[in-house]
Amino acid sequence: MLRKKFADILHKIQQSSSCHQKYRHVLIKLYNESSFDDFECEFMRCTELLFGMEIKQKNIHAERSVEFLSSFVTTLVNSTLKKPGEDLSEDSSEDSDQDVEMHPFLNAVVNNVLQYQNLEQMSARYRCCQFINLLLRQLGDDAQIDMDIANLIQTAMLERIIDVKPNVRLQAVKVLARLQQPDNPDCPVIQAFLHRLYESSAQVRREVVESIALIPSIIPKIVERVRDSDPNVRLAAFRKCSLVGPKMITISNRQLVLDSGFTESNSSVKKFFLEDTLPKWLNVYNDDYLLLLKGLKLDAYEEDLKKTEVISRKVLEVFFKSKSLSLLEHLPIDENKLIPIERLSSETALFWCILAGFLRESDDNEEHLSEIMPELTHFCTFIEKYYNETKRKQLMEWQYLEYQQILCQLLKIVKEYDLSDEVGRQTIQKLLIYMLSDGKFNGCVITEIIFIMQKINPAMDSFTIQICHIVSDIHEPLTEQLPSPKTVYQTQFQLAELRVKINVLIDERDEAVANADYDRASVVKKQLIELNRQVEEINSAMTSQKMERNPRNDPETLCKCLNILIGLLSNPKLTVLTASLRSCKDEFIRPLLSNGDMEVYSKAFKCIALYCLLDKQLAQENLKRICLPIISYRLMPEYDKASLFIAIAAFSDVLRKYGTEIFNDVAENTVMSDTVSKRRLNGTRRLFTNTAKDDVDTSDIDMSGYESIIEILLDMLDDENQELREQSGMALCELVRHGIAVSPTLISRLILKWLNPLTEKHDQKLQQLLANALVFFARFVGDGDELLEKAVIPILTSLGNAPRTSPLADVDIDSALSFIAAITSIQKPVGFNNIHKNLAFAVCEKIAPRPDDKCVPLYVKMLLHLDPVLKDAVVVRELIDQAQLIIDELSDKFAKRNMQKFVHKLSEILADLERETVEPTIENSPLLQVLDTNREETAASEMRPRHSINESNLEPILKDIPTNNNNNLIQAKSNRVVILSNVRVDNILPNTSTFPKPTDESVTTDANVELSQKVNGCLPTPATDQNRVNGAHISNNAYVNMWKQNLLRSDKENDIRDEQTSKKETTNQVRKSLFTGVSNSVKRKKRRTRSSLHHTMHSDSDETILH
1 MLRKKFADIL HKIQQSSSCH QKYRHVLIKL YNESSFDDFE CEFMRCTELL FGMEIKQKNI
61 HAERSVEFLS SFVTTLVNST LKKPGEDLSE DSSEDSDQDV EMHPFLNAVV NNVLQYQNLE
121 QMSARYRCCQ FINLLLRQLG DDAQIDMDIA NLIQTAMLER IIDVKPNVRL QAVKVLARLQ
181 QPDNPDCPVI QAFLHRLYES SAQVRREVVE SIALIPSIIP KIVERVRDSD PNVRLAAFRK
241 CSLVGPKMIT ISNRQLVLDS GFTESNSSVK KFFLEDTLPK WLNVYNDDYL LLLKGLKLDA
301 YEEDLKKTEV ISRKVLEVFF KSKSLSLLEH LPIDENKLIP IERLSSETAL FWCILAGFLR
361 ESDDNEEHLS EIMPELTHFC TFIEKYYNET KRKQLMEWQY LEYQQILCQL LKIVKEYDLS
421 DEVGRQTIQK LLIYMLSDGK FNGCVITEII FIMQKINPAM DSFTIQICHI VSDIHEPLTE
481 QLPSPKTVYQ TQFQLAELRV KINVLIDERD EAVANADYDR ASVVKKQLIE LNRQVEEINS
541 AMTSQKMERN PRNDPETLCK CLNILIGLLS NPKLTVLTAS LRSCKDEFIR PLLSNGDMEV
601 YSKAFKCIAL YCLLDKQLAQ ENLKRICLPI ISYRLMPEYD KASLFIAIAA FSDVLRKYGT
661 EIFNDVAENT VMSDTVSKRR LNGTRRLFTN TAKDDVDTSD IDMSGYESII EILLDMLDDE
721 NQELREQSGM ALCELVRHGI AVSPTLISRL ILKWLNPLTE KHDQKLQQLL ANALVFFARF
781 VGDGDELLEK AVIPILTSLG NAPRTSPLAD VDIDSALSFI AAITSIQKPV GFNNIHKNLA
841 FAVCEKIAPR PDDKCVPLYV KMLLHLDPVL KDAVVVRELI DQAQLIIDEL SDKFAKRNMQ
901 KFVHKLSEIL ADLERETVEP TIENSPLLQV LDTNREETAA SEMRPRHSIN ESNLEPILKD
961 IPTNNNNNLI QAKSNRVVIL SNVRVDNILP NTSTFPKPTD ESVTTDANVE LSQKVNGCLP
1021 TPATDQNRVN GAHISNNAYV NMWKQNLLRS DKENDIRDEQ TSKKETTNQV RKSLFTGVSN
1081 SVKRKKRRTR SSLHHTMHSD SDETILH
């Protein structure tokens, strides 16, 4: 009787969830009326039937059954424990330290259900974890369970959290979320969650991010997930960051969250970031924008200040669009529209500068610009006052950086003026010349000063003359020339002699006057006048100081002059080399290449590199000097890092601006100069001297090709210095993006570097650069498909031959092959390339000579990832013939099985092609014409590459790639700054779910789900119409059979799944066969064998379906 009631209840709750509440009360009443042992036995019988069957996860009847059984248990427990007039929350808070009395039925259910967690059947493990998850969730937020039961559940779920099936791991994470102990630093659940943050399933990662406890040690790990490859995981991470707030996150991680939000490619995630995260973070600082900017400031290095400025500008731009006028209220200006110097800080200056720029660009709010912009003359006086007051102080390093940052922002505000006022223009020019000559600034301030001065003086010739004069005045200032002691002595002696003569003549004059000898007195008077004139001349010569130019060759002065020249040469509007710059190079810069100070030398070397970008002749003359630090990298264990970085950037810029032909010109000039030199030496030998850097003999350097330099740059990618790895990677990526000096070797080395697990672990910035460049190269560079095709086999060979000690031995082969297949299937905006077809032939040619090579299994596996577009039956037959010959020679079972799969795939394509060639023979059929039209539309849709999913996964990278390269020459001039596209590193990582692994299960999952839905919808209802009318109770056997019918699916589904294969059109290209020596009789024999094999395979599959 009890079993029949159970059967009737469980049969009805499968039909709809609306009756669950009713039958829960019916089952509770049945529990109270029955004995505990009988009820427990029957309940466990139902769970055993539910968990022991192979049930599909998406079966609605199984879902309803699990949900009902778990809700019944929790309802029973809660109704039993809660007494009338008592509050469970108060009791739990008062008796939290006491042992919790466990309901016996709950205890029995948990112990029984956990027995299924380690079964071999995946559905049993899944339903077990699902049942426990629903059980713990429905107990309530303040529920408590016995410690032994909690430990039992925790132990079981910690095993399931590493299950091979992601759905089981997902349910285990949901269960363990209720068992976390945030107060315990060694909580095993939290430690397991930390490991699950890096697993392959995006659903599991998202659930971990949503469920993990927010403790200080966990927050940095959650922040990392804002760079996840899956948008749902990123959305969950942003929700957590909004909940946590900025004050619990470090400043660097705050910038990471904001930078990731602004560069987000998913619309829903970015919308949440802009509408939820940013306002909540501002609310934490009481809606004070200055406090928010202060909370985002990093001031340890100059690069940190630049990054802070970029992020702050983006943050304020978002708020400016929604509430622009409220930003004006937070600017602390006085009645003169100036910020008091005592309140001037990097945050206020930055806020002032950004706000002025927004108002200038906005058409609606431009009238408010006058409210925050003072007159230009007053503003210049304000800048000069701040500069004079600050330069007298003894500043620490961080204070000096902040001082430079404030000056830079004030000068950027000056750029917002139209400079139409003549008085204001002269005032600002006088101030800038004074600051440039008197102060010592970093590159940012000098760049702003040069920009404003060029805006005032747009004529480039006169502007360069003006800057060169300033540099000359700094290097050789006018100084007073004091007379020597000997000269002073001689002058004083002459004065004394003249005074004696004057006194004698005065006596003679007086005597002549007394004697009335007026003629004599007149002569003496004239002599006195002459002597007095000589005395005055000597006195005036002594008082007048002679001004002369004295060169100042101390490193500080030289670096200051070179910084000014670097700022001038980096100006994008300077496109030609003027006469004043040539004179400055010959008279000032070139001699400094012999200076012993490394800083002076590196800056002079940078000036020469910038000169090379302005004149091709200079580039040819100095190309050896530029490449010398790169070549010396292999020869010298200790090298000048600053000069090497400059040389790497200059080599890339020169190559991108002038092309590879410049190396040919240099080689021809070198041959001619060597011939003249040998003729001139005439049997002499040059003696060795310890020369300076300028006298280094570069005549022996082979500049006939750039390949050797690129090879050295590739070696630098494996250097222990991270900055050197990034600098060399940046130079190589720029060459790849522009398609200059690119070879299959370069592409293969870069892809191997991207696949290297150490790159993902330690060089995420480098990995991002490589991914961006490779995807851009595949999509937009003209001959990129050919180079990628030639690079695939070297990549596979390197992966297959990697020793165990190499990091390449740890590469995930499936992910690597999926990435190679995806990047080679990227289509250009114009035209169609069929790389996969050519790769199939190339791989077969590679396997044929050495079928026993250790890399053959990898080659064969690559064939399974390829999806060639084949349209010509002759090409397909030829590829099949080659594959069949290879199968006969293969000894590795795994490789042979994969090769047979590839042949079977080609055979199906060939059958489709032959069927399409037979069907058009029937003519004059209107119905056939309609069918042919539909077939053509279907074929056109199937012509797309199969890896469209992978290509769409690469889409976030491509959105940030600029398509306009008109300013490449100008950007090449300023080699020092290579703008990184804000690309998420995890979008392209091979160990995530971006590229699905080519297992049979992953291939057929979607087909199973779709087919199961169709079959499930066609299942008959468990009860007949007669049973509904009569209301009779069905027997236990009938109940079991009908429940099985609802929960189980037909075995035919798995067999039908094996018959579902994709079909594609092919191209008309025909490739010559490698095996031309095979006779026609052998080929016919192979075709007969293949046809019989194909017929046998189809017969076996048909028998399986029928069976």
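Numbering (the UniProt record's numbering), first residue to last: 1 to 1107. Built from N, CA and C at the ideal position, the CB exists for glycine as well. Predicted model, so just to flag it, every value in this text is computed and none were measured.
For residue i, which three-state DSSP category applies?
| i | result |
| --- | --- |
| residue 152 | helix |
| residue 759 | helix |
| residue 335 | coil |
| residue 549 | strand |
| residue 390 | helix |
| residue 139 | coil |
| residue 660 | coil |
| residue 1038 | Low confidence applies to residue 1038: its pLDDT is 42, below 50, so where it sits in the model is not reliable, and the reading given next is rough at best. The answer is helix: DSSP assigns residue 1038 an H, G or I state. |
| residue 479 | strand |
| residue 214 | coil |
| residue 282 | helix |
| residue 49 | helix |
| residue 870 | strand |
| residue 804 | coil |
| residue 375 | coil |
| residue 706 | coil |
| residue 14 | coil |
| residue 1102 | Annotation note: pLDDT 35 at residue 1102 (below 50); position unreliable, no value reported. |
Which residues in the same chain have their Cβ closer than 7 angstroms to the Cβ of residue i, if we skip the five residues on either side of it in sequence?
| i | result |
| --- | --- |
| residue 357 | 416 |
| residue 645 | 727 |
Taking the continuous alpha helix (DSSP H) assigned at residue i, which residues delimit it?
| i | result |
| --- | --- |
| residue 616 | 616 to 635 |
| residue 824 | Run containing residue 824: none; DSSP gives neither H nor E here. |
| residue 575 | Per DSSP, residue 575 belongs to no alpha helix (DSSP H) and is neither H nor E. |
| residue 785 | 784 to 800 |
| residue 1117 | Residue 1117 falls outside the range modelled here, since the chain spans only 1 to 1107, and no answer is possible. |
| residue 864 | 856 to 865 |
| residue 267 | 267 to 272 |
| residue 146 | That residue, residue 146, is in no alpha helix (DSSP H); it is neither H nor E in DSSP. |
| residue 360 | 346 to 361 |
When the Cα of residue i is compared with those of the options, which residue comes out closest?
| i | options | result |
| --- | --- | --- |
| residue 659 | 620, 629, 596 | 620 |
| residue 293 | 536, 275, 319, 384 | 319 |
| residue 529 | 540, 505, 120 | 505 |
| residue 781 | 446, 143, 742, 913 | 742 |
| residue 237 | 258, 252, 251 | 258 |
| residue 124 | 155, 140, 163 | 163 |
| residue 491 | 541, 524, 512 | 541 |
Using the rule of at least 16 other Cβ atoms within 10 Å of the residue's Cβ for burial, across every protein chain shown, is residue i buried or exposed?
| i | result |
| --- | --- |
| residue 653 | buried |
| residue 803 | exposed |
| residue 558 | buried |
| residue 398 | exposed |
| residue 389 | exposed |
| residue 1108 | No answer is possible for residue 1108: the residues shown for the chain start at 1 and end at 1107. |
| residue 392 | exposed |
| residue 228 | buried |
| residue 596 | exposed |
| residue 147 | exposed |
| residue 7 | buried |
Within the same chain, show all residues whose beta-carbon is closer than 8 angstroms to that of residue i, passing over the 5 residues directly before and after it, in chain order.
| i | result |
| --- | --- |
| residue 289 | 282, 316, 319, 327, 330, 351 |
Can you name, in chain order, every residue of its own chain whose Cβ lies under 6 angstroms from the Cβ of residue i, other than the five neighbours on each side?
| i | result |
| --- | --- |
| residue 231 | 266, 269 |
| residue 823 | 778 |
| residue 407 | 445 |
| residue 341 | 386 |
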